[in-house]
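For reference, the structure is listed below as C-alpha cells.
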Amino acid sequence: MRTNGWTAEVVGGAIAFFARAITAVQAVWTGIDPTLQRQRVYFANHASHGDFILIWSVLPPRLRRQVRPVAGAEYWEQGRLRRFIGSDVFNAVLIARNAAERQADPIAQMAGALDDGASLILFPEGTRNQTDEVLLPFKSGLFHLARTRPDIDLVPVWIENLNRVLPKGAFIPVPLMCKVNFGAALHLTENEAKAEFLQRSRDALLSLSPAAKVTP
Amino acid sequence: MNPVHSDLLTVIARIGGVLVVASVIGFVLQRRLSPDGQNEGIENLNARIRAWWVMAIAISLAFLAGRTGVIILFALCSFAALREFMTLTNASRADHRSLAAVFFIVLPIQYYLVWTSWYGLFAIFIPVWVFLLLPIVSALSGASRNFLVRVAEMQWALMICLYCVSHVPALLNLDIPGYGERGVLLIAFLVIVVQLSDVLQYVWGKLIGRHKIAPSLSPSKTIEGFVGGSLTATLIAASLWWITPFSPVEAGLMGFVITIMGFLGGLVMSAIKRDRGVKDWGHSIAGHGGFIDRLDSVIFAAPVFFHLSRYFWSVS
C-alpha cells in the first residue's frame, strides 16, 4: 500500500507541470486512440532520464493513473528521494539489472504488474542511448513479455528532442519543444521468431521518428 | 479612477466588443456552413477567435497589473518564442551551456534592464556583450562542427525573440512630455494596430484576394489582402490617436510604418519556416500555431516604433 499518496500526487503533478513548462510537449496520436481505456505496453526510445516522465505527462489522467514505468532498481533504490519518486510518485516496476544477483525474474515482475491491471512503459534498448545511433538494437525483454502475455497491445512511442533538452552529463534542462508520437499497437504473431519480432517492433518504432518522414 | 485606467478600460471594452462580434460571426458561419465541423477554414477561424479571447484577456490583465505585469507577460512571450526558435536550430550538445545561459541568464537580465529602465545597457547588452560572450562559451566546448551556423542561429534567435520583443515593454520607459504615466497605452496602440493589421489582411485576403505576393514564401498573402489590410489598419491607427502622444495624422503615419514592418516581418519569418520545412513555429496557440506565428509582426514593428517614438517624442 502506498503510504505517501497525497504528497506523491502533488509531487507528480509538479513534475508533470515542470516537464510541460520546459518542453511544451505535444502528444501525437498517430496509431492509437487516447480516449480508449485499454491496457498497453508502451515501448519507447531511451536517450534521457526524463523519457518516461514525458510519456507519463502527456497521457490523459485516467491512463496516467494506470501506467507504471519499468526502471532499473539499482538507480531508483538509492536514497530516500529517488525511492520516493520511483516508488510513490511513479509506482515504477523496479528491475534488478545485474542478472547474477537478482532474486525475481524481470519478465515475471512485468507480467505480474500487467495481471494487476497496470499498463507499462518499457525501454527495449535496455539502457539510455548515448551514442550517435538513432536507436540501439532491442534487448529480448519485449519479446519474452509479448510471448508471456500475447493479448496485450504493444504500442511504439517515439520521443522527439528530449535528448537535446537534457543531453548526457547535463544537469540543467534547456527549454526546447518535444513531441511524443504514439504509433499503432502490434502483437506477437503465431510462430514469429525472436529476431524477427524484435526487428519488426524496432522498425515500427523507427517509422515514428522524424528522420523516417524525411526519407520515406 | 485615474485617466490612464479609464482610457485603458475603454480600449479593453472595445476589444471585447470586437471579439463578441467576431465570435457571433464565427458562430453563424459555423451553423450555416459547417454544422458538423466539415469546413476546415471555418473551424480554424473559430479556433483562432477562441485563442484571441485568451490572448486579449491575458494582455488586458497584464495592462491592468501595470508595469510589472507587462514586463512579466513579455518575458514569458520571449521565453516561449526562444524555445520555438531554438528547437529549429542546429544547436547541438556542445551548445548546451550556451543555451542554458540564454534562457536562464540573458533573458532575465534583459527584462531586468527593462524593469530598471537602464536604457544604456538595455540597448547594447545583447548586440554587444552577449554577441561577444556567447560564442566564447560555445567555443570552449571544443566542438567546431557547424560552428558559425550554430552561433549565428543562436544570435539570430536572441535578437528576434528576446531583443526585439523586449522593446515592447521598454515603451513604458519613454519619457514623453505631456504623456505622463500612459506608456501602457502606447503598448496597447502598437499591439492593437499590428495585430489588427494581420487580422484585416487575412479578412481582406479571404474576401477579395486574387494575386499572391510571395507564393514561394507564404501562400496565403495576397496583394489585395495586403493593401486592404494595411490601409484599414492605418485608418484605425489614426482613429486611436487619443490614446497616444501623436496627432491623428502622426498616429496614422506611425500605424502605416508599423503595419508595413509587421507585414515584412511576417515574410521574413515565413522564409525561415520554409527553410526549416515547418508550417508553424509551434502548437501552443490553437488555430494560430506557435508564439512566434502570432508575434512575428510585432517583433519587426516594435523596435522601429520604439526608436521613432524615442527620437521624435521622448526627452530621454
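Chains as they are written, first to last, in this note's numbering: chain A, 1 to 216; chain B, 1 to 316. Don't be surprised by glycine CBs; every beta carbon is placed ideally from N, CA and C.
Exposure label - residue i; buried when at least 16 CB within 10 Å
| i | result |
| --- | --- |
| residue 149 of chain B | exposed |
| residue 182 of chain A | buried |
| residue 49 of chain A | exposed |
| residue 6 of chain B | exposed |
| residue 2 of chain A | Model confidence at residue 2 of chain A stands at a pLDDT of 49, short of 50, so the residue's coordinates are unreliable; what they give is reported in the following sentence. Classification of residue 2 of chain A: exposed, given that the 10 Å Cβ count is below 16. |
| residue 286 of chain B | exposed |
| residue 108 of chain B | exposed |
| residue 189 of chain A | exposed |
| residue 193 of chain B | buried |
| residue 75 of chain B | buried |
| residue 303 of chain B | buried |
| residue 111 of chain B | buried |
| residue 202 of chain A | buried |
| residue 96 of chain B | buried |
| residue 164 of chain A | buried |
| residue 20 of chain B | exposed |
| residue 46 of chain B | buried |
| residue 42 of chain A | buried |
| residue 216 of chain A | Because residue 216 of chain A sits at a pLDDT of 41, beneath the cut-off of 50, its placement in the model cannot be relied upon, and the point is left open. |
| residue 228 of chain B | buried |
| residue 181 of chain B | exposed |
| residue 29 of chain A | exposed |
| residue 204 of chain A | buried |
C-beta contact flag for residue i and residue j at 8 Å
| i | j | result |
| --- | --- | --- |
| residue 230 of chain B | residue 259 of chain B | yes |
| residue 164 of chain B | residue 85 of chain B | no |
| residue 151 of chain B | residue 138 of chain B | yes |
| residue 254 of chain B | residue 246 of chain B | yes |
| residue 187 of chain A | residue 129 of chain A | no |
| residue 184 of chain B | residue 4 of chain B | yes |
| residue 306 of chain B | residue 167 of chain B | yes |
| residue 283 of chain B | residue 26 of chain A | yes |
| residue 122 of chain B | residue 134 of chain B | no |
| residue 300 of chain B | residue 175 of chain A | no |
| residue 86 of chain A | residue 107 of chain A | no |
| residue 111 of chain A | residue 102 of chain A | no |
| residue 198 of chain B | residue 309 of chain B | no |
| residue 93 of chain B | residue 167 of chain A | yes |
| residue 113 of chain A | residue 93 of chain A | yes |
| residue 102 of chain B | residue 82 of chain B | yes |
| residue 267 of chain B | residue 233 of chain B | no |
Bridge partners - residue i, DSSP secondary structure assignment
| i | result |
| --- | --- |
| residue 26 of chain A | A:179 |
| residue 222 of chain B | B:212 |
| residue 156 of chain A | A:43 |
| residue 68 of chain A | A:120 |
| residue 186 of chain A | A:154 |
| residue 285 of chain B | B:289 |
Host alpha helix (DSSP H) of residue i (start-end)
| i | result |
| --- | --- |
| residue 299 of chain B | 291-312 |
| residue 94 of chain A | Run containing residue 94 of chain A: none in the alpha helix (DSSP H); it sits in the beta strand (DSSP E), 93-95. |
| residue 86 of chain B | 67-87 |
| residue 388 of chain B | What the structure shows of chain B is the stretch from 1 to 316, and residue 388 of chain B is not part of that stretch, so it cannot be assessed. |
| residue 273 of chain B | 248-276 |
| residue 51 of chain A | 51-58 |
| residue 7 of chain B | 3-33 |
| residue 37 of chain A | Per DSSP, residue 37 of chain A belongs to no alpha helix (DSSP H) and is neither H nor E. |
| residue 142 of chain A | 141-148 |
| residue 98 of chain B | 96-101 |
Under 8 Å by beta carbon: chain D residues contacting residue i
| i | result |
| --- | --- |
| residue 92 of chain A | Included in the structure are the protein chains A and B, with no chain D among them. |
Inter-stretch contact (C-beta, 8 Å, three-pair minimum) for the stretch 2-19 of chain A and the stretch 49-66 of chain A | yes
Validate contact between the stretch 148-156 of chain A and the stretch 31-42 of chain A using beta carbons, cut 8 Å, 3 pairs = Judged by Cβ distances under 8 Å, the stretch 148-156 of chain A makes contact with the stretch 31-42 of chain A, as three or more pairs qualify.
Is the stretch 265-280 of chain B touching the stretch 214-224 of chain B, taking contact as three or more C-beta pairs under 8 Å?
-> yes
Can we say the stretch 29-42 of chain B touches the stretch 118-130 of chain B, given the rule of at least three CB pairs closer than 8 Å?
-> no
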